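Heads up: the sequence shown begins at 1 in the UniProt record's numbering, then just goes up one per residue.
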Amino acid sequence: MTENFDRTPGAGRVRIKPRRPGLADVGDSTYVFNESEPLRQPRTSPPLTENTNTSEAIGGESRRPSKPHQVIHNNSTPASKVKSVETLVKTSILSANALEFYPASFSPYEDGSDGYYTETTLAELVEEFLSHLNSSPGSFEMDIESIVNMLNSWVTTEETLQELVELIYTQSTAIPNFSYTGARLCNFLSHNLVFSPASGNFRQLLLKRCQTEYEQRDVAVRGDQETQKKFHAYVLFLGELYLRLEVKSAKGPPSRAEILLTALRDLMDALLSNPVDGNLICAVKLLKLTGSVLEDAWKENGKSDMDQLTQRIENILLDSQCSRDVKQMLLRLVELRSSNWGRVHAAAAADATPDNDPNYFMNEPTFYTADGTPFTAADPEYSEKYQEILDWEDDYFPEDCEENGNESSFNDEDEMDPEIEEAFEKFCLESERRQRQ
Numbered sequence: 001m002t003e004n005f006d007r008t009p010g011a012g013r014v015r016i017k018p019r020r021p022g023l024a025d026v027g028d029s030t031y032v033f034n035e036s037e038p039l040r041q042p043r044t045s046p047p048l049t050e051n052t053n054t055s056e057a058i059g060g061e062s063r064r065p066s067k068p069h070q071v072i073h074n075n076s077t078p079a080s081k082v083k084s085v086e087t088l089v090k091t092s093i094l095s096a097n098a099l100e101f102y103p104a105s106f107s108p109y110e111d112g113s114d115g116y117y118t119e120t121t122l123a124e125l126v127e128e129f130l131s132h133l134n135s136s137p138g139s140f141e142m143d144i145e146s147i148v149n150m151l152n153s154w155v156t157t158e159e160t161l162q163e164l165v166e167l168i169y170t171q172s173t174a175i176p177n178f179s180y181t182g183a184r185l186c187n188f189l190s191h192n193l194v195f196s197p198a199s200g201n202f203r204q205l206l207l208k209r210c211q212t213e214y215e216q217r218d219v220a221v222r223g224d225q226e227t228q229k230k231f232h233a234y235v236l237f238l239g240e241l242y243l244r245l246e247v248k249s250a251k252g253p254p255s256r257a258e259i260l261l262t263a264l265r266d267l268m269d270a271l272l273s274n275p276v277d278g279n280l281i282c283a284v285k286l287l288k289l290t291g292s293v294l295e296d297a298w299k300e301n302g303k304s305d306m307d308q309l310t311q312r313i314e315n316i317l318l319d320s321q322c323s324r325d326v327k328q329m330l331l332r333l334v335e336l337r338s339s340n341w342g343r344v345h346a347a348a349a350a351d352a353t354p355d356n357d358p359n360y361f362m363n364e365p366t367f368y369t370a371d372g373t374p375f376t377a378a379d380p381e382y383s384e385k386y387q388e389i390l391d392w393e394d395d396y397f398p399e400d401c402e403e404n405g406n407e408s409s410f411n412d413e414d415e416m417d418p419e420i421e422e423a424f425e426k427f428c429l430e431s432e433r434r435q436r437q
């Protein structure tokens with residue numbers, strides 16, 4: 001099988017001489033191009049114009065367009081279409097100076113509800129920042145300036161000022177535990193809200209709004225549970241407002257609103273006139289909040305209103321059919337008032353002893369044992385242990401060490417003996433270890 005195999009390189013191969021495209025060799029049986037078949041059209045070719053009826057000849061033949069639509073006629077637009085375009089241009093209401101164009105059926109502010117987006121209202125704005133202050137009350141000092149600046153740009157009419165007062169009052173009495181922050185906000189707005197019409201500024205309109213609820217007190221304390229709940233929220237907000245709202249005076253320092261002092265006295269009478277559990281709990285909360293300030297204000301005016309209120313509470317303890325828990329709250333309130341609302345004056349503090357002063361150990365530090373048991377000044381061994389701690393601090397934190405106990409008071413230029421330096425480092429490490437324990 002291998003006898004006829006020629007191992008010469010290139011043996012058995014036929015070399016075809018290059019020829020011009022489109023021509024065939026008569027003497028050969030193999031053609032480079034077939035004359036009977038036209039050349040394939042290029043994948044991308046320039047558009048054919050109206051006068052281009054022939055193309056470059058290849059192989060002696062002329063190439064014509066294979067499809068009629070490849071020939072583009074300049075006069076292919078009918079006259080009717082031209083006339084309709086001219087009519088549309090004449091009757092169009094479009095302006096070349098318009099900022100943007102969109103179809104007549106399209107609305108750029110369309111949504112899926114009422115058809116249009118509305119601008120932010122004052123109610124939505126107030127609800128938003130009140131919700132923020134309620135969730136982050138610690139940011140009040142940082143955010144209050146920007147809030148007031150924003151409200152000053154909104155409140156420019158009597159209607160918007162009245163709406164703002166109503167919104168803040170409603171939210172301050174509706175949001176749980178927001179009365180304190182709401183009262184602080186009202187005080188700040190009363191001094192920094194610029195718009196002040198002849199009908200009244202922010203503080204005056206706020207007090208008028210509170211007066212509306214004040215006049216309904218006798219009905220509210222005997223209303224249904226929902227009515228009483230709203231009234232109790234109003235009472236606690238008014239108590240916070242009395243403590244926080246400052247009225248500036250041209251002759252002296254700011255003072256509290258005297259009208260609120262009178263209102264709180266009447267509200268207490270209304271609550272105690274119907275001694276049900278809800279009203280009594282509200283009265284206890286109000287006196288715990290404002291009792292010391294109210295008693296001081298009444299004493300300055302020579303009044304004994306707090307003594308009268310305490311007497312009424314003691315009578316309720318004897319005669320009322322309130323629950324056991326409410327009676328415990330009233331008893332503790334009477335004890336709190338008997339201890340001067342938990343306050344210790346400087347003169348009385350000098351003669352105070354653990355026997356005659358329930359707040360004797362109030363300012364002493366509290367320690368905890370290894371098992372987590374509180375170790376307070378009321379324990380018999382407290383003084384001895386506390387003195388040992390003080391002595392230990394004096395031994396391990398000398399005056400020539402910094403407060404953190406890790407740095408020396410020596411100057412950087414002073415050189416320390418290596419042995420002394422090593423001993424000092426061990427001392428500081430031991431001090432840190434004891435502190436962590």
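Just so it is clear, CB atoms sit at the ideal spot from N, CA and C, and this is done for glycine as well. Remember, predicted model here, so these are calculated numbers, not experimental data.
Query, Result
"Candidates SER249, SER304, GLN225 and ILE147, of which the one nearest VAL276 by Cα", "GLN225"
"Beta-bridge pairing of VAL334 - partner residues as DSSP gives them", "In the DSSP output, where bridge partners are listed per residue, VAL334 has none listed."
"Start and end residues, alpha helix (DSSP H) containing residue 450", "Summary: the structure shown does not reach residue 450, with the chain confined to residues 1 through 437, and so no result is reported for it."
"The stretch 91 to 100 touching the stretch 131 to 143, judged by at least three CB pairs closer than 8 angstroms", "no"
"Inter-residue Cα distance where the pair is GLU158 and VAL284", "38 angstroms"
"Best match in LEU151, HIS132 and SER339 for proximity to LEU122 [C-alpha to C-alpha]", "LEU151"
"Local conformation of VAL284 per DSSP, three classes", "helix"
"Simplified DSSP assignment, three categories, for VAL155", "coil"
"Backbone CA spacing between ASN149 and PHE237 [nearest angstrom]", "25 angstroms"
"Beta-carbon proximity check, THR170 vs GLY239, cutoff 7 angstroms", "no"
"Element boundaries [alpha helix (DSSP H), containing ASP319]", "305 to 319"
"CB of CYS282 within 7 angstroms of CB of LEU294, strictly", "no"
"DSSP-derived helix/strand/coil call for VAL194", "coil"
"Candidates ASN187, SER153 and THR156, of which the one nearest residue 441 by Cα", "Any question about residue 441 goes unanswered here, given that the chain covers just 1 to 437."
"Secondary structure of SER249, DSSP reduced to three states", "coil"
"Whole-angstrom C-beta distance between LEU245 and ALA183, which should lie under 8 angstroms", "7 angstroms"
"Terminal residues of the alpha helix (DSSP H) in which SER273 lies", "258 to 273"
"Inter-residue spacing [alpha-carbon to alpha-carbon] between ARG222 and SER323", "18 angstroms"
"C-alpha gap between ARG312 and ASP269, whole angstroms", "9 angstroms"
"Beta-carbon proximity of SER190 to SER179, cut-off 7 angstroms", "no"
"Best match in ASN177, LEU164 and GLU213 for proximity to PHE195 [C-alpha to C-alpha]", "LEU164"
"Buried versus exposed, by CB contacts within 10 Å (16 or more), MET142", "exposed"
"Test item: CB-CB of THR310 and ARG337 under 7 angstroms", "yes"
"Rounded distance between the beta-carbons of LEU241 and LYS288, thought under 8 angstroms", "LYS288 to LEU241, Cβ: 16 angstroms. No contact."
"Straight-line gap, VAL155 to LEU267 (C-alpha atoms, nearest Å)", "32 angstroms"
"Bridge-paired residues (DSSP) for SER139", "According to DSSP, SER139 bridges with nothing at all."
"Identified DSSP bridge partners for SER179", "SER179 pairs with nothing; no bridge assigned."
"C-beta contact flag for THR212 and ALA220 at 7 angstroms", "no"
"Identified DSSP bridge partners for SER146", "According to DSSP, which records beta bridges pairwise, SER146 is partnered with nothing at all."
"C-beta contact flag for VAL235 and LEU286 at 7 angstroms", "yes"
"Alpha helix (DSSP H) segment containing ASP218, residue limits", "217 to 220"
"Counted within 10 angstroms of its Cβ, other Cβ atoms place ALA263 as buried (16 or more) or exposed", "buried"
"Nearest-angstrom Cα separation, counted from LYS248 out to ARG265", "23 angstroms"
"Rounded straight-line distance, which links the Cα of TRP392 to that of PHE231", "57 angstroms"
"Buried or exposed by the 16-neighbour rule on C-beta atoms within 10 Å, applied to LEU390", "exposed"
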